[in-house]
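Residue numbers (my numbering), protein chains in the order written: chain A, 1 to 463; chain B, 464 to 559.
Where a beta carbon is used, it is the ideal one built from N, C-alpha and C, also for glycine.
Everything numeric in this text was worked out from a predicted model, so none of it was measured.
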Amino acid sequence: MSTERDERRAQGAPMFASAEKIYPREMKGRFASLSRLATLILLGLFYAVPWLLWDDRQAFLFDLPARKFYLLGLTLWPQDFPYLALLLIIAALSLFFFTALLGRVWCGFACPQTVWTEAFIWMEQWTEGTRSQRMKLDKAPWGWNKLRRKGSKQLLWLTFSLWTGFTFVSYFTPVRVLGPELLTLTAGNWAIFWTVFYGFATYGNAGYMREQVCKYMCPYARFQSAMFDKDTLIISYDERRGEPRGGRKRSADPRALGLGDCIDCKVCVQVCPTGIDIRDGLQYDCIACAACIDACDSVMDRMKYPRGLVRYSTEQSMQGGDSRVLRPRVFVYATLLLVLCAGLITSMATRTPIILDIIRDRNSLYRELPDGLIENIYTVKIVNQRNIARSFHLSVDGIAGIKLDGIPAVVIVDGGSVLSLPVRARAHRDDAYGIMGITFGVADVDDASLAITADSRFLGPTP
Amino acid sequence: MVQEEYRGTRQWSRNRQAIAIVVWISFLTAAIGTMIFFALFDPVDLSGIIDENLEIGRDAGYAAGFFFFWILTAICSAVTAWLVRTAPKRDAQNRR
Chain A
1 MSTERDERRA
11 QGAPMFASAE
21 KIYPREMKGR
31 FASLSRLATL
41 ILLGLFYAVP
51 WLLWDDRQAF
61 LFDLPARKFY
71 LLGLTLWPQD
81 FPYLALLLII
91 AALSLFFFTA
101 LLGRVWCGFA
111 CPQTVWTEAF
121 IWMEQWTEGT
131 RSQRMKLDKA
141 PWGWNKLRRK
151 GSKQLLWLTF
161 SLWTGFTFVS
171 YFTPVRVLGP
181 ELLTLTAGNW
191 AIFWTVFYGF
201 ATYGNAGYMR
211 EQVCKYMCPY
221 ARFQSAMFDK
231 DTLIISYDER
241 RGEPRGGRKR
251 SADPRALGLG
261 DCIDCKVCVQ
271 VCPTGIDIRD
281 GLQYDCIACA
291 ACIDACDSVM
301 DRMKYPRGLV
311 RYSTEQSMQG
321 GDSRVLRPRV
331 FVYATLLLVL
341 CAGLITSMAT
351 RTPIILDIIR
361 DRNSLYRELP
371 DGLIENIYTV
381 KIVNQRNIAR
391 SFHLSVDGIA
401 GIKLDGIPAV
411 VIVDGGSVLS
421 LPVRARAHRD
431 DAYGIMGITF
441 GVADVDDASL
451 AITADSRFLG
461 PTP
Chain B
464 MVQEEYRGTR
474 QWSRNRQAIA
484 IVVWISFLTA
494 AIGTMIFFAL
504 FDPVDLSGII
514 DENLEIGRDA
524 GYAAGFFFFW
534 ILTAICSAVT
544 AWLVRTAPKR
554 DAQNRR
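Dropping the structure here:
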């Protein structure tokens, strides 16, 4: 092929022998467009979401200093941690589900490692040029051109990394406060530290480590094969059609030469971001980015052979069988996923936006009052998870004639805040002896359906 | 063949792999640990328990907690990797 020869000539050396790093070759095609689209959408979301507003506050803000998470109209408190845990389990299960069905689509199109690497490779291509230009540039002695190209690449990479770090931190600190603070260098030390930390991680991972992260550091890459079966979508080389591989003239009839359809041009290897040869079969280094499909299709087009020598397929159909999409494994993952999602949605929809905590004063058992009353002291904590102030009635029950003393008839708790109220409960000594269970209750004054109870103990003299 | 030539020296050495794995996996576990820990405990309450005069903000508390977890998990990871890699050779040969 002409490009390959040009490259050899340009380097004046055998093509791959001295390559010290992977120079993924740029490739146009269906899957390249798809992955470009995925990268643009995902990165666009990541960088844009902190700027979205919801009722005058950031729509998605994990306000760690205030220990509250805002997700659109929803406010989550540390007490809601089980939701977060459930959400993470759902995310992991979805990964299993999609892996069983579609193989490593996550790796090829959605993993942050892939997405940022792709963005960094774009910047590399804008500044250093195509694959062969990059190889030549790396071999060339340092001069003005090399300095200019490498310098502008580093400038782009560093700016982009810092912007990434800033965006990451702005999920935790309001972006409209953090932005100006960073620009005027008045931001807090920790905000600056995490911006640089995350920026540096992006720079290292997407600029330099790239596919090594997938090969050596990613646990998912190692265990994803456990979710695979014969009907999982994988990228494979059609060995029966391609072999024996070999070069030939475009006009030649491969059958007459005793050759398969693979012309051994190695373009599929050159485009591979992890540097594998798909023709060696399924390998765990393969991140299923489908660059080799685009590469092979373009070569097949030029040779006027049918496309699909390298294609998305399943082991089953490669062996001549029929692939099934619906199979027990897929059903099990899907059912689990549905049950968990339904559980999460129901429990979030029915969650009471009030939390009641009763803490009994540990320093005193009880106090006897002159008129035959026994007094216990508690701290009542009412958390109002709604964003508007609410009024509550506080009551206690469980012992005949028990009453609360020294509290207003109606307590008002501001939106999204906690009210801590010292409370004295009193009961007559004829009714209160030993350890007795009592129940505190709060009820919304305006909305009778908003009520919640919490249990505690009342101590009295031994009878 | 093609593959080997093409990859060149881009493959990481065993040491480099081990360091990268230790750093990354301990980072992930530390992140999960930090998340669970601070969902249950407020760093401001904790600083009061350690020393009543100690006043650290939540920012610093979270960071300190995270790095504490990271150092701990990294030590665990590193020692495990080291012991696995330095097991007696003879033993490894007889293993099935």
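Closer than 7 Å at the beta carbon, the chain A residues around residue 521/B: Chain-ordered, the chain A residues with CB closer than 7 Å to the CB of residue 521/B read 64 and 65.
Within chain B, the residues that residue 78/A reaches when beta carbons sit closer than 7 Å: 502
Spatial distance of residue 313/A from residue 91/A (CA atoms): 26 Å
Identity of the residue in 343/A, 54/A and 292/A nearest residue 478/A by Cα: Outside the modelled stretch of chain A, which goes from 1 to 463, sits residue 478/A, for which no answer is possible.
Alpha-carbon spacing of residue 551/B relative to residue 544/B, whole angstroms: 14 Å
Contacts of residue 216/A in chain B (Cβ-Cβ under 7 Å): 475, 480, 483 and 484
Inter-residue Cα distance where the pair is residue 383/A and residue 418/A: Taking the straight line joining both Cα atoms gives about 4 Å.
Given residue 439/A as reference, the closest of 245/A, 451/A and 316/A once Cα atoms are compared: 451/A
Test: residue 188/A CB closer than 8 Å to a CB of chain B: yes
Which residues DSSP lists as bridging residue 58/A, in chain order: 53/A
Nonlocal neighbours in the same chain, by C-beta distance under 7 Å from residue 435/A, ignoring five residues either side: Excluding residues up to 5 positions away in sequence, 457 and 459 lie with their Cβ nearer than 7 Å to the Cβ of residue 435/A in the same chain.
Contact under 8 Å by Cβ, residue 411/A with residue 402/A: In this structure, residue 411/A keeps its C-beta atom at 8 Å or more from the C-beta atom of residue 402/A.
Short CB-CB distance (under 8 Å) between residue 46/A and chain B: no
Inter-residue Cα distance where the pair is residue 70/A and residue 292/A: 42 Å
Distance CB(residue 109/A)-CB(residue 38/A) smaller than 8 Å: A Cβ-Cβ contact shorter than 8 Å links residue 109/A with residue 38/A.
Cβ-based burial, residue 446/A [other Cβ within 10 Å; buried from 16]: exposed
Within chain B, partners of residue 81/A - CB distance below 7 Å: 502
Interface partners of residue 212/A on chain B, CB under 7 Å: Simply 475.
Neighbour flag for residue 526/B against chain A, beta carbons, 8 Å: yes
Whole-angstrom distance between residue 34/A and residue 294/A, CA atom to CA atom: 11 Å
Every unbroken alpha helix (DSSP H) inside the region 471-504 of chain B [4 residues or more]: 477-503
Residue 424/A to residue 398/A span [Cα, whole Å]: 15 Å
Residue range of the unbroken alpha helix (DSSP H) whose run includes residue 100/A: 81-102
Euclidean distance between Cα positions of residue 335/A and residue 225/A: 21 Å
Three-state class that DSSP yields for residue 189/A in the structure shown: helix
Cut-off 8 Å between Cβ atoms - residues of its own chain near residue 528/B, not counting five sequence neighbours on either side: 497, 500, 501 and 506
Contact belief for residue 318/A with residue 307/A at Cβ below 8 Å, rounded distance in angstroms: The beta-carbon distance between residue 318/A and residue 307/A, rounded to whole angstroms, is 16 Å. This is too long to meet the 8 Å contact definition.
Proximal residues of chain A, C-beta to C-beta of residue 505/B below 8 Å: 67 and 78
C-beta contact flag for residue 340/A and residue 89/A at 8 Å: yes
Endpoints, beta strand (DSSP E) assigned at residue 330/A: It is not in any beta strand (DSSP E) - residue 330/A instead sits in the alpha helix (DSSP H) that spans 328-349.
Among 326/A, 214/A and 357/A, the one whose alpha carbon lies nearest that of residue 276/A: 214/A
Inter-residue spacing [alpha-carbon to alpha-carbon] between residue 100/A and residue 444/A: 48 Å
Pair within 8 Å by beta-carbon distance, residue 235/A and residue 107/A: Not a contact, by the Cβ cut-off of 8 Å.
Delimiting residues of the alpha helix (DSSP H) encompassing residue 219/A: 219-223
Neighbour-count burial assignment, residue 331/A, 16 or more Cβ in a 10 Å radius: exposed
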